[in-house]
Amino acid sequence: KQEVTQIPAALSVPEGENLVLNCSFTDSAIYNLQWFRQDPGKGLTSLLLIQSSQREQTSGRLNASLDKSSGRSTLYIAASQPGDSATYLCAVNSSASKIIFGSGTRLSIRP
Amino acid sequence: DTAVSQTPKYLVTQMGNDKSIKCEQNLGHDTMYWYKQDSKKFLKIMFSYNNKELIINETVPNRFSPKSPDKAHLNLHINSLELGDSAVYFCASSPDRTSDTQYFGPGTRLTVL
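Those sequence lines, one after another, are chains S and F. Counting in the working numbering, the first sequence runs from 1 upward without gaps. Counting in the working numbering, the second sequence runs from 1001 upward without gaps.
The structure is reproduced here in structure tokens:
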């Protein structure tokens, strides 16, 4: 049974810092892994999707890595901004259409 | 031009009532999903439909019944609502079943009194 864990549960950093969010999963047989952003009271926005054959994906200041063998993914945010404050969710697709989410990391960027 | 829309956004109702949440996507996707996000922010998949056919049905009470009149719509009907059904319900869609990004609706906050 796939389990997805995100650490830390909450993170607060000053503006401008680079930071890393962590995601771990127990079953390495995955189709892909996604990172989502959730703003309070709103839906989820997909940030990056990494296929199982890929090692990383980049979009702007975001870089996500995937190490299937160790069951880990990281989301790197460069030069953080207050607008980056949100909850970040990691989701693993380990069988057709079945996505397992982590509990999220609540990120707060202090101006 | 909303991609995945849900109605209503908020739903407050009494225990025992029956209610429905509607979801529509205008992306031309084949697969649609319902997720439940509980008070601890865990998102769990409930159902998945591909071209109007049920492909995932997680362990949810049979009081929950999804209905897909066409591949652009996946509605969630809940009978005999209970306090524990209070949560945010998200609808999502993806081009196909396996490897694509899912696009989420804004969520429906259900409160059962």
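Every residue gets a Cβ at the ideal spot worked out from N, C-alpha and C, and that includes glycine. All figures in this text were calculated on a predicted structure; none of them were measured in a lab.
**Rounded C-alpha distance that separates Ala86/S from Arg1063/F** = Roughly 33 Å separates the two Cα atoms.
Worksheet entry | Amino acids of chain C, ordered along the chain, whose beta-carbon sits closer than 8 Å to that of Phe1042/F | No chain C appears in this structure, whose protein chains are S and F.
| request: Identify which residue in Leu1043/F, Leu1011/F, Cys1023/F and Pro1008/F has its Cα closest to the Cα of Val4/S. | output: Measuring C-alpha to C-alpha distances from Val4/S to each of Leu1043/F, Leu1011/F, Cys1023/F and Pro1008/F identifies Leu1043/F as the nearest.
**Asked** Counting Cβ pairs, one atom from each stretch, are 3 or more of them under 8 Å apart for the region 102–110 of chain S and the region 1079–1088 of chain F?
**Response** no
If you check the beta carbons only, do Thr153/S and Phe36/S fall under 9 Å apart? In this structure chain S extends from 1 to 111, so residue 153/S is not present and cannot be described.
Report task. Just the chain S side, please: which residues come within less than 8 Å of Gln1025/F by C-beta, in chain order? Result -> Residues of chain S passing the Cβ test: none, with the nearest at roughly 12 Å.
(request) Answer with buried or exposed for Tyr1010/F, where buried requires no fewer than 16 other C-beta atoms within 10 angstroms of its C-beta. (result) Exposure of Tyr1010/F is indicated by the presence of fewer than 16 other C-beta atoms within 10 angstroms of its C-beta.
Item to complete: Please go through the same chain and pick out, in chain order, the residues whose beta-carbon is closer than 6 Å to the beta-carbon of Asn1017/F, but skip the five residues on each side of it.
Response: Leu1081
Terminal residues of the beta strand (DSSP E) in which Ser1048/F lies: Leu1043 to Asn1050
Against chain S: residues of the region 1097–1112 of chain F by CB proximity under 9 Å:
Arg1097, Thr1098, Ser1099, Asp1100, Thr1101, Gln1102, Tyr1103, Phe1104, Gly1105, Pro1106, Gly1107 and Arg1109
Euclidean distance between Cα positions of His1077/F and Asn93/S: 26 Å
Reduced DSSP category for Asp1085/F - H, G, I as helix; E, B as strand; rest coil
helix
For chain S, find out if any of its Cβ atoms is closer than 9 Å to the Cβ of Val1004/F; answer yes or no. Contact of Val1004/F with chain S is assigned, a C-beta pair being separated by under 9 Å.
Name the two residues that bound the continuous beta strand (DSSP E) containing Asn1079/F. Unbroken run through Asn1079/F: none, as it is neither H nor E.
Tell me whether Asp67/S sits in a helix, a strand or coil according to DSSP, three-state version.
-> Note: Asp67/S maps to strand in three-state DSSP.
For Pro82/S, which three-state DSSP category applies?
-> helix
Worksheet item: What three-state label does DSSP hand Tyr1033/F in the structure shown?
Response: Correct three-state label for Tyr1033/F: strand.
* Going by C-alpha distance, which of Asp39/S, Phe101/S and Ala78/S is nearest Leu19/S? -> Ala78/S
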